[in-house]
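> One structure coming up, written as structure tokens, with questions to follow.
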Amino acid sequence: ARRAAQPGAAAASGARRVVHGVTAMSFSSEDPSSFVVGVESGLVLKASLTATEQRKPHTITTSGSDLVWTTDAAVLLSRVAYSDYQKTKLKIEKAAILAREYEVGLPMVYEASPPASALFVSPVTFSYEPHAGPVYDVAHSPFHRNLFLSVSTDSAVRLCSMLQATPLLTFYPSSSSVFCAAWSTSRPMVFAVGCADGRLYVYDLLAPDASGQHRPIETLQVSTRPVFSVAFNKKSADMVATGDGDGFVKVWKLSGWLSTVQLMESDKLESFVSRLSAADDGEEDVGDDGEPGESAAGATAAGGVGSATLDFDDDDADLNSAADALRPGAGVDGVGAAARPGEPGMVLGNSFDDDM
Numbered sequence: 010a011r012r013a014a015q016p017g018a019a020a021a022s023g024a025r026r027v028v029h030g031v032t033a034m035s036f037s038s039e040d041p042s043s044f045v046v047g048v049e050s051g052l053v054l055k056a057s058l059t060a061t062e063q064r065k066p067h068t069i070t071t072s073g074s075d076l077v078w079t080t081d082a083a084v085l086l087s088r089v090a091y092s093d094y095q096k097t098k099l100k101i102e103k104a105a106i107l108a109r110e111y112e113v114g115l116p117m118v119y120e121a122s123p124p125a126s127a128l129f130v131s132p133v134t135f136s137y138e139p140h141a142g143p144v145y146d147v148a149h150s151p152f153h154r155n156l157f158l159s160v161s162t163d164s165a166v167r168l169c170s171m172l173q174a175t176p177l178l179t180f181y182p183s184s185s186s187v188f189c190a191a192w193s194t195s196r197p198m199v200f201a202v203g204c205a206d207g208r209l210y211v212y213d214l215l216a217p218d219a220s221g222q223h224r225p226i227e228t229l230q231v232s233t234r235p236v237f238s239v240a241f242n243k244k245s246a247d248m249v250a251t252g253d254g255d256g257f258v259k260v261w262k263l264s265g266w267l268s269t270v271q272l273m274e275s276d277k278l279e280s281f282v283s284r285l286s287a288a289d290d291g292e293e294d295v296g297d298d299g300e301p302g303e304s305a306a307g308a309t310a311a312g313g314v315g316s317a318t319l320d321f322d323d324d325d326a327d328l329n330s331a332a333d334a335l336r337p338g339a340g341v342d343g344v345g346a347a348a349r350p351g352e353p354g355m356v357l358g359n360s361f362d363d364d365m
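Here is the structure:
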């Protein structure tokens, strides 16, 4: 779907439908029918593939009609509201009879031209507190059924629960826009966000600072241009990739602390979320003096990131060899023998421009 309807915008018959461009989407890791979308107006909406189901598809395929309904066509018709169901079904079956068809499939449903508003009902079931700017990424936790992140041009990174409208926590890694977010594939309480200031900020909810605030435990200067994408490697937990506005993909090696699951970490995440959900205020702004600001000084942990350079166009290039080169003590293309935190990561090829 390219656009999402604002909840309740067209509840009344004849009301003007309000639509917003969808800029981000993420499916739940537990429920394959549930997903969250972020839109250009700042809205964050929960939706479901089955939320609009008014009747079971098999009741349509076995309705006793002389026409045979395919499963796909029946699934589509199952979402039509009761007030429109009979006239929509009759219109489609009439078109099939006139066309001398004995089976009603999706092509016949569309050929009958029933009202689009009857067939495609908004799947939105819940709305969360909106951001003040476009939402550029939404990321569900792979370790918690209700947890997700949303990031926006309002500089906010929100830790949200699927079950409540207000965020559990709000982080401000910097004063710039936030374009991407990703959860660690090995550490349940670790995630990273990329910002317009060219930095990647890594958070560890298991390691608050001395004041109890959650600030970036690692800050990587990826580029002088915005960081538009970030992804943790599912098989090599200590590797994370970034894509930036210069057109480069860079792979970074994280420290053992950030890539090795800690004792009972999943249980600690569950307790952490439960405590925040039960809190009376429900939200905590993380930044200097409670305001959005730059991350705390010294956020880059010692030994956190190794670096190397790899030419993507080299036929002999091997990702595993390059990963080995990232280990402390190895030097690649002039990189120091001991990799230092904050250095540019492994560059996979030249910039992705029109000349490639």
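Numbering of the sequence shown is given in the working numbering, commencing with residue 10 and proceeding in unit increments. No residue lacks a Cβ here, since even glycine has one placed at the ideal position from N, Cα and C.
#1: Would you list, in sequence order, the uninterrupted beta strand (DSSP E) runs of no fewer than 3 residues that lie entirely inside the stretch 110-154?
#2: So, with DSSP's three-state summary, where would you put G203?
#3: Using DSSP's beta-bridge definition, name the partner residues of W266.
#4: Can you tell me which of the three DSSP states A33 falls into?
#5: Within a Cβ cutoff of 7 angstroms, which residues of the same chain sit near A216, ignoring the five residues on either side of it in sequence?
#6: Let me confirm a value: R284 is counted as buried when at least 16 other C-beta atoms fall within 10 Å, else exposed. Which label applies?
#7: I believe A33 touches V202 by the beta-carbon criterion, under 8 angstroms. Please report the beta-carbon distance rounded to the nearest angstrom.
#8: Could you pull the DSSP bridge partners for L209 from this structure?
#9: Take every Cβ of the stretch 252-263, pair it with every Cβ of the stretch 221-241, and state whether three or more of those distances are shorter than 8 angstroms.
#10: What are the partner residues of F44, as DSSP defines its beta bridges?
#11: Using only the alpha-carbon positions, how far apart do P132 and S220 sit?
#12: Among all the DSSP beta bridges, which residues are the ones paired with F241?
#13: Beta carbon of S268, beta carbon of D247: below 8 angstroms?
#14: How about L209 and V239: do their beta carbons lie closer than 8 angstroms?
#15: Report the rounded CA-to-CA distance for Y137 versus E49, giving the unit in angstroms.
According to the structure shown:
#1: List check, beta strand (DSSP E) in window: 133-137 and 144-149.
#2: Of the three classes helix, strand and coil, the one that applies to G203 here is strand, per DSSP.
#3: Listed as beta-bridge partners of W266 by DSSP are no residues whatsoever.
#4: In the structure shown, A33 sits in a strand (DSSP, three-state: E or B).
#5: Only I226 meet the Cβ criterion.
#6: In this structure R284 is exposed. Its beta-carbon is surrounded by fewer than 16 other beta-carbon atoms within 10 angstroms.
#7: Incorrect: roughly 13 angstroms between the Cβ atoms, too far for contact.
#8: For L209, DSSP records a beta bridge to G203 and L229.
#9: As far as the Cβ criterion goes, the stretch 252-263 touches the stretch 221-241, which means the pair count is three or higher.
#10: In DSSP, F44 forms a bridge with F36 and A56.
#11: For P132 and S220, the distance between alpha carbons rounds to 42 angstroms.
#12: In the DSSP assignment, F241 forms a beta bridge with V249.
#13: A contact, by the Cβ cut-off of 8 angstroms.
#14: Against a cut-off of 8 angstroms, the Cβ pair of V239 and L209 comes out as a contact.
#15: Going by C-alpha positions, Y137 is about 14 angstroms away from E49.
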